[in-house]
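In this note's numbering, the protein residues as written are 908 to 957.
Written as structure tokens, this is what we have:
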């Protein structure tokens, strides 16, 4: 199972859309994949709007 998680909140869709292609997002994502047990297979990502 999954033991850790985090939530990212955005002010609006435009803020999320600016974040997704940002180089820092890619850098952090790469670090998470490298640290995850099983690499990319050890990560679950989902989006939802509140």
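In this text, a Cβ means the ideal position worked out from N, Cα and C, and glycines have one as well.
Measure how close the beta-carbons of residue i and residue j come, nearest whole angstrom, since I'm counting them as under 8 Å.
i	j	result
residue 917	residue 909	Contact flag wrong, Cβ pair sits at about 22 Å.
residue 936	residue 943	Not confirmed; about 10 Å, so no contact.
residue 946	residue 940	6 Å
Considering only residues of the segment 917-947, which uninterrupted alpha helix (DSSP H) runs meet the minimum length of 4 residues and lie entirely inside it, listed in chain order? 920-926, 930-942
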